[in-house]
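There are 2 protein chains.
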Amino acid sequence: MAQSPITTRCDDFAAWYQDVVLQGDLAEPAEIVKGCMVIKPNGYAIWELLQHELDTRFKATGHKNMYFPLLIPESFLKKEAEHVEGFSPELAVVTIAGGKKLEEPYVIRPTSETIIGHFFAKWIQSWRDLPMLVNQWANVIRWELRTRMFLRTTEFLWQEGHTAHATHEEANEVVLRMLDVYADVAENVMAMPVIKGMKTQSEKFAGALRSYSIEAMMQNGLALQAGTSHDLGQNFGKAFDVQFQSKEGQLEYVWQTSWGVSTRLIGGLIMTHSDDKGLVLPPKLAPIKAVLVPIYRKDEEKAAVLEAAHRIAKEIGAKVDDRDGQSPGAKFFHWERRGVPVVLELGPRDLASGKIVLKRRDTGTKEPVDQSEVGAKLAAALDDMQKGLYNRAKDRMKANTVLANSLDEVESILKDVSAEKGGGKFVMAHIKDDPACDARLKEFKATVRNIPLVDEYDGPGKCIVTGEPVDRRAVIAKSY
Amino acid sequence: MAQSPITTRCDDFAAWYQDVVLQGDLAEPAEIVKGCMVIKPNGYAIWELLQHELDTRFKATGHKNMYFPLLIPESFLKKEAEHVEGFSPELAVVTIAGGKKLEEPYVIRPTSETIIGHFFAKWIQSWRDLPMLVNQWANVIRWELRTRMFLRTTEFLWQEGHTAHATHEEANEVVLRMLDVYADVAENVMAMPVIKGMKTQSEKFAGALRSYSIEAMMQNGLALQAGTSHDLGQNFGKAFDVQFQSKEGQLEYVWQTSWGVSTRLIGGLIMTHSDDKGLVLPPKLAPIKAVLVPIYRKDEEKAAVLEAAHRIAKEIGAKVDDRDGQSPGAKFFHWERRGVPVVLELGPRDLASGKIVLKRRDTGTKEPVDQSEVGAKLAAALDDMQKGLYNRAKDRMKANTVLANSLDEVESILKDVSAEKGGGKFVMAHIKDDPACDARLKEFKATVRNIPLVDEYDGPGKCIVTGEPVDRRAVIAKSY
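Read top to bottom, the protein sequences are chains A and B. Every letter in the first sequence is one number past the one before it in this note's numbering, and letter 313, counting from 1, is 313. To convert, take the position in the second sequence, counting from 1, and add 1000; that gives this note's numbering.
Shown next as structure tokens:
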């Protein structure tokens, strides 16, 4: 496996992505379970790091983890009209259990608003019970037709936050706070720049009043919706009769939010940073930050090199690759494909001169450094790499973002773009938040990704479809 | 909820257990999904601590986390005859997905030996690929008729380790090593003494050659199987054609193991330590180790008490319960039912005398200590409590373990025991590992829990059923 070549990004971006995943040993398709994958140790370790970063922030913003049942009575989904319409086509249904046909089937959760709504109704009576701030780490199933590892799989791992509030204003604060948390993790941990914005009505979550997203640009110029945060209004409150007595003694429906990110983030991470040699990981999400490869030809060199290798590696927290029967070249190749940020080389000549060679995965630069300084140099390299990857991605997004002032212009920019060929752009254009306008973009397979919360362009303008005045430009792109 | 009384253990142990769970706000039944529960923040936080303790040990013993699909093709289960026979009655089956009837139904994993066997066959070719050491944190479903929160629920959270080896000897080492890991966490983290032993052939895991367990004694004298570790032999290797080329060039089937513990551990934790006032947690598994309750009557006392409370709490890592509108008594009650190990009281008189009152949840003792020493005293109290809870449970197990030398004797000791009434014993008796002997115990609803790995009794003797010579006494008990 490790010896197969990786398709280049230019040749076929989609094939490149698959090669990077497989040869980084992150995951593999579970062809016997439609659209599912096995997440392998290298991939799962990244997920664990992401979980830790997210979970710490969820707890710091007052959310508590709970666990709700995987199975949801089928009738629950039907209680919210838009919700069932959106999710029905994607459901996996349990009809037999314990050897018997069930009277009422269960669906495997595609998301948990409905079952959590049911429990919120039991737990919330008074304004004193609010806000209720819950998070769940879980697996969900959505029966997708076209799947790609990490980006869209039938089963995926995610977290789903669910909150209930006394006022719409307070709910909205949480919606935007959690969007900020997601943007913080995306930018400062994943080194993946994102645009925070509002989804159009036709792209919102099924059952929400409003949805917000963070959108990232992949190296092929396609957009990836990397996280969403929803203002559910009182829709689920009414569907599940979640009422509370207000301070003023009135019976009112709660205002709810929900927000989620998933293992899809790992797909975004790969498509933001990796190169034609394979996986590139930002240091903050690298399960192994540095590997030391000892080099020796003769047996009499081995003991001294290995002793120094282990001593230095211990000091700086690196892993020593002392596998026998593998050449140094094979080892470099191995760690390169796995995206290890820094590989250190230590040979007999380095030993004599008190040096060690530090090689960066992102830039490919090799630098001999004093052994006495390697700890500081490694820390500096990791720090520089984290920043460098972010800046490179940010520059790329900037370079591939263009303005357009007519539908024709948008179409001509995006018409030949595909996940395979790349060439994608973020097209900033004025377009009205109206399903009829979204529909026009569908003609050439683009969508409004979101309407940015912060306008970095030229303010109001005329809708490219209707000519009506629009507040600011939206991001239009092809996407995953 | 918090004001309801807790049934005493003497009155009805099963009702007491349910009260402790509900009033500790650990979980509640999800009556709309058969046999499921919602794990609430107080319960989930204990699970997170347990996960951390276990996961650290799994990684230290060389295992890597992966994630396999929730759904398993129905035909997979049928490949191992004993396995399908054991699990068939408990399966939940997905027959419809994406709006269509499936050609082959999927079952929701009751355990993952089969799907992991499928992938092991893909990944393992040579002895160089061995050992393969995998762990998965996941939810599973087993359609149980009688359920009890944490102890037996239709869906539960667990970890399942799966390993493959070149030799039976090496597989067996892992089986016993992971049993040791489980015993270590049970005894040194949960403060729950356990007996490590081998299950009889009729009690082993469906598809295993041999199963081992740790068995704990609950306060009603019933046994709880708290963790299992299985020697799967070559059964799944043969069923899924997991073959490897040995060093000698032969094609051989791998030897596999699997081992798991679940949210059931939380049930064991509760039934080992809690009392008639509610939950008692060993400090190592207490999400909140100490709460400081500030006491003041007059408004002019409030500021000084709160200032000191927050200052001291910050120093020692305690939580301040500064909720308005709750009396100190209500606060003590609240934290008592939630099993917080130490509650500190700080009032105006304490402020004047430089003291603070430290109250232990386990013993109920209250001790005024110098504020300057409270950090050290708290640490000492937590340490003493961790040890004390273990010793108390160990003494209880010893006191309720009896020897018997005939089937009549075993029956007369166990006949009136029940989960509600208690009175259970561990009866140590010589009994042959033969399904016919196990069957005799079923007559009075007891089972051989395990045959201890270490004989702490009188060595060989005659089987109480057949009279044949038996190596050592086994643990016979009623159980959950």
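Idealized CB from N, CA, C, for every residue including glycine. Nothing here was measured: the structure is a model prediction, and the numbers come from that model.
Exposure of residue i, with buried meaning 16 or more beta-carbon neighbours within 10 Å
i, result
"S229/A", "buried"
"H430/A", "buried"
"T94/A", "One point to set straight first is that residue 94/A is Val, not Thr, in the sequence displayed. Buried."
"P193/A", "buried"
"E307/A", "exposed"
"Q1250/B", "exposed"
Contact with chain A by residue i, beta-carbon distance below 7 Å
i, result
"K1040/B", "yes"
"Y1253/B", "no"
"W1143/B", "yes"
"L1269/B", "no"
"L1070/B", "yes"
"E1080/B", "no"
"I1116/B", "no"
Reduced DSSP category for residue i - H, G, I as helix; E, B as strand; rest coil
i, result
"F1068/B", "coil"
"A223/A", "strand"
"A2/A", "Because A2/A sits at a pLDDT of 46, beneath the cut-off of 50, its placement in the model cannot be relied upon, and the following sentence gives the value as read from the coordinates. If DSSP states are grouped into helix, strand and coil, A2/A belongs with coil."
"M178/A", "helix"
"W1143/B", "coil"
"F150/A", "coil"
"D231/A", "strand"
"G62/A", "coil"
"Q326/A", "coil"
"D1129/B", "helix"
"T7/A", "coil"
"R338/A", "coil"
"F87/A", "helix"
"A1081/B", "helix"
"S1202/B", "helix"
Endpoints, alpha helix (DSSP H) assigned at residue i
i, result
"Y1390/B", "1374–1399"
"E411/A", "407–414"
"D299/A", "299–316"
"S75/A", "74–77"
"P1435/B", "1435–1442"
Residue i versus residue j - alpha carbon distance
i, j, result
"K34/A", "L407/A", "38 Å"
"V1432/B", "S1202/B", "The question names Val, but residue 1432/B is Lys in the sequence shown. Going by the C-alpha atoms only, they are around 11 Å apart."
"I288/A", "G278/A", "16 Å"
"Y1390/B", "A14/A", "57 Å"
"G375/A", "E345/A", "14 Å"
"M1/A", "M1066/B", "A caution first: M1/A carries a pLDDT of 43, below 50, which makes its placement in the model too unreliable to give a value."
"L91/A", "I108/A", "7 Å"
"L1071/B", "N405/A", "48 Å"
"K1130/B", "H1165/B", "It is worth fixing the name first, because residue 1130/B is Leu in this sequence and not Lys. Those two C-alpha atoms are separated by around 6 Å."
"C463/A", "L441/A", "13 Å"
"V305/A", "A352/A", "10 Å"
"F1333/B", "G99/A", "45 Å"
"D434/A", "P283/A", "42 Å"
"L1382/B", "L1292/B", "15 Å"
Within-7 Å CB hit, residue i to chain B
i, result
"E160/A", "no"
"K561/A", "Outside the modelled stretch of chain A, which goes from 1 to 480, sits residue 561/A, for which no answer is possible."
"T401/A", "no"
"G98/A", "yes"
"F150/A", "no"
"G317/A", "no"
"F119/A", "yes"
"A92/A", "yes"
"V84/A", "no"
"I46/A", "no"
"P163/A", "Here residue 163/A is Thr; the residue named in the question, Pro, does not match the sequence. No, no contact with chain B."
Residue i - containing beta strand (DSSP E), residue span
i, result
"C1036/B", "1036–1039"
"A477/A", "473–477"
"I1356/B", "1355–1360"
"I116/A", "Not the beta strand (DSSP E): I116/A falls in the alpha helix (DSSP H), residues 113–123."
"G161/A", "155–165"
Near the ligand MG: residue i beta-carbon under 6 Å from a heavy atom
i, result
"W16/A", "The ligand content of the structure shown is nil, which means the ligand MG is not present either."
Contact with chain E by residue i, beta-carbon distance below 7 Å
i, result
"N139/A", "The question asks about chain E, but that chain is absent: this structure's protein chains are A and B."
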